[in-house]
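>
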Amino acid sequence: MGDHLEADDGEVRRGEVVQRPPWRWWFYLVLGLLPVLVPLLLLEAAGRVFLLLRPSYDVLFLQPDRAVGWKQVPNLEWTWAGWHWYANEFSVRIRTNSLGFRDRERERAKPEGVVRIAFLGDSFVEAAQVPLEKTAAQLLETRLNREPGPTRYEVLNFGISNYGVGQYLLAWEEYASQFAPDYVFALVAGLHLERTVAESEVGRFHTTASRALRLRPTFRLRGSELIRDPAADYDAFVAAQRELIEGEFGGRRSRRRETSLVAHLVKRLWARHAGDPGAVVMASGGASGRDPRSLIHLNLTILEELAAQAKARGARLVLADACPYLGGPEGCSHALRTFCTHRDVGYVPLGERLRAANSRGRSTRWRRDGHFNEAGNEVFAESMVEWMRKHAASQPAEVVESR
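When we follow this note's numbering, the leftmost residue of the sequence shown carries the number 724, and every step to the right adds one.
#1: When the distance is taken between beta carbons, is ALA1098 closer than 9 Å to TYR906?
#2: Please state the DSSP three-state secondary structure of TRP895.
#3: Restricting to runs no shorter than 4 residues, where is the alpha helix (DSSP H) found entirely within the segment 803–857?
#4: Could you tell me which of GLU924, THR802 and PRO904 sits nearest to SER933, measuring between CA atoms?
#5: Measuring only the C-alpha atoms, how far is GLN1032 from VAL815?
#6: Going by DSSP in three states, MET923 sits in which element: helix, strand or coil?
#7: Return the CA-CA distance between ASP781 and ARG965, expressed in angstroms with no decimal places.
#8: Which one of PHE928, SER900, ALA790 and PHE847 has the shortest CA to CA distance from ARG1039?
#9: What distance in whole Å lies between the Cβ atoms of LEU1042 and ALA859, which are believed to be in contact at a cut-off of 8 Å?
#10: Please name the residue, chosen from TRP801, VAL791, ALA1045 and PRO787, that lies closest to PRO690 on a Cα-to-Cα basis.
#11: So, using beta-carbon positions, are ASN885 and ARG1091 closer together than 9 Å?
#12: Just how far apart, CA to CA, sit ARG1112 and ARG980?
#13: Keeping to the same chain, check which residues put their C-beta closer than 6 Å to that of GLY1008; ignore five residues upstream and five downstream.
#14: Please state the DSSP three-state secondary structure of PRO871.
#15: Tell me the rounded alpha-carbon separation between GLU1075 and GLU948.
#16: Please list the segments of the beta strand (DSSP E) lying wholly inside the segment 914–973, counting only runs of 3 or more residues, in order along the chain.
#17: Among ALA959, LEU916, ARG1060 and LYS794, whose alpha-carbon lies nearest the alpha-carbon of LEU1049?
#18: Is GLN861 near the ligand FMN, going by C-beta to nearest heavy atom under 8 Å?
#19: So what does DSSP say about LEU1059, is it helix, strand or coil?
#20: Determine the extent of the alpha helix (DSSP H) in which PRO1047 is found, giving its start and end residues.
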């Protein structure tokens, strides 16, 4: 008895060492972490509840299209809440028409007594950030039809996310021209000029995040001749989207985003610590590295072709210049205004109107998403209504009706 010393749990005895049970280290470790783990678990639980109330979605709402590169999936219903992990600014239910555009169903044959406007553009025209009736196209149609007189108006929206000026021409040739419009409105800013020559796009989802595919038909000049180059990786685009649908999206085109709030916060903190590169800074030659003058010249050549084709079908091209607001190469607005003056193309100083609205305290874009909010779409529509009142009314009625 005297040769042995008692110890708690019999861990240490004279002449031998009994190891401490390994579970005790884990117990003390967890006990020490509880002040951190409990708040994190509560925060994560609150985030999950919040996500149920304001869900966000990943959506494959675009599909390959050989003629234009891509456009929306026909007859698709989906909800768009932006790229954030939850619906923090908007949540919009969207349905495309049978042709694959965000518009009402339209008859190809133009009804008698109707003046049609074809609206070309990118996501700022597509306007997935606001309800259909709040888009610039629908506001324009509604307000024009309030004008006294027998004429009715239809405004057809051919805007598709990430389109450039070159794709405006392709969309006109393949789709918009079939509806015999009397006017063709096109939104133009620096990003639309750049996209004309930017053939590659990188995927946003896990399966495609590291792949840059040449998805966009592009344009270039050979002397004075306009050369069209088809999308080089069109077939790979088709295969990649099929792989996404069958794999990550489980056979669907939309999935609810299930982002962990704690993981999201850690990612944000890490990005801030590492330094967020932010937006691409335009160099002297623009984001594409091209000389601004050659880039403007190429796009004006495309717009000249669009204006000529529209005129041949009895329509008039009208440019909504957003360069002062959305940015563009030096001299962009001056070049567009001069082009419109010499080519009998309508000109809408949209960028100036948007900047004026902002200076008066009227915010026109979503702070996080960056696209037009409802006020931005209203300014867009008001600018086009003003142009139509001033110029369309001056044309003889028989000319408009004969188109």
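Ideal Cβ positions, reconstructed from N, Cα and C, are used throughout, including at glycine.
According to the structure shown:
#1: Within the sequence shown, residue 906 is the residue found at index 183, counting from 1. Within the sequence shown, residue 1098 is the residue found at index 375, counting from 1. No, the pair does not count as a contact, with Cβ atoms beyond the cut-off.
#2: Residue 895 sits at position 172 when you count from the first residue of the sequence shown. Helix.
#3: 846–849
#4: Residue mapping note: residue 933 aligns to position 210 of the sequence shown, counting from 1. SER933 has its Cα closest to that of GLU924, out of GLU924, THR802 and PRO904.
#5: Sequence index remark: in the sequence shown, residue 1032 carries index 309 (1-based). Sequence index remark: in the sequence shown, residue 815 carries index 92 (1-based). Their Cα atoms are separated by approximately 35 Å.
#6: As a working mapping, residue 923 is identified with position 200 in the sequence shown. The residue asked about is misnamed: residue 923 is Ser in this sequence, not Met. Reduced to three states, the DSSP call for SER923 is strand.
#7: The residue you call residue 781 lines up with position 58 of the sequence shown. The residue you call residue 965 lines up with position 242 of the sequence shown. So the two alpha carbons sit approximately 15 Å from each other.
#8: Locating residue 1039 in the sequence shown gives position 316, where the first residue counts as 1. The shortest Cα separation from ARG1039 among PHE928, SER900, ALA790 and PHE847 belongs to SER900.
#9: As a working note, residue 859 is residue 136 in the sequence shown. As a working note, residue 1042 is residue 319 in the sequence shown. With a Cβ gap of about 15 Å, ALA859 and LEU1042 do not count as contacting.
#10: Lying outside 724 to 1126, the shown extent of the chain, residue 690 is not represented and no answer is given.
#11: As a first step, residue 885 is located in the sequence shown; it is residue number 162 there, counting from the start. As a first step, residue 1091 is located in the sequence shown; it is residue number 368 there, counting from the start. No, the pair does not count as a contact, with Cβ atoms beyond the cut-off.
#12: Residue mapping note: residue 1112 aligns to position 389 of the sequence shown, counting from 1. Residue mapping note: residue 980 aligns to position 257 of the sequence shown, counting from 1. Going from the Cα of ARG1112 to the Cα of ARG980 covers about 45 Å.
#13: For the purposes of this step, residue 1008 is taken as the residue at position 285 of the sequence shown. Note that GLY1008 has pLDDT 37, beneath the 50 cutoff, so the model's placement of it is unreliable and the number below is only indicative. Same-chain partners within the cutoff: ASP1014.
#14: The residue you call residue 871 lines up with position 148 of the sequence shown. Correct three-state label for PRO871: coil.
#15: Counted from its first residue, the sequence shown places residue 1075 at position 352. Counted from its first residue, the sequence shown places residue 948 at position 225. Approximately 33 Å between the Cα atoms of the pair.
#16: 923–925, 935–937, 941–945 and 948–952
#17: Position 326 of the sequence shown holds residue 1049. It is LEU916.
#18: Absent from the structure shown: the ligand FMN. Ligands present: none.
#19: Mapped onto the sequence shown, residue 1059 falls at position 336. Reduced to three states, the DSSP call for LEU1059 is helix.
#20: The residue given as residue 1047 occupies position 324 in the sequence shown. Segment 1046–1049, the alpha helix (DSSP H) holding PRO1047.
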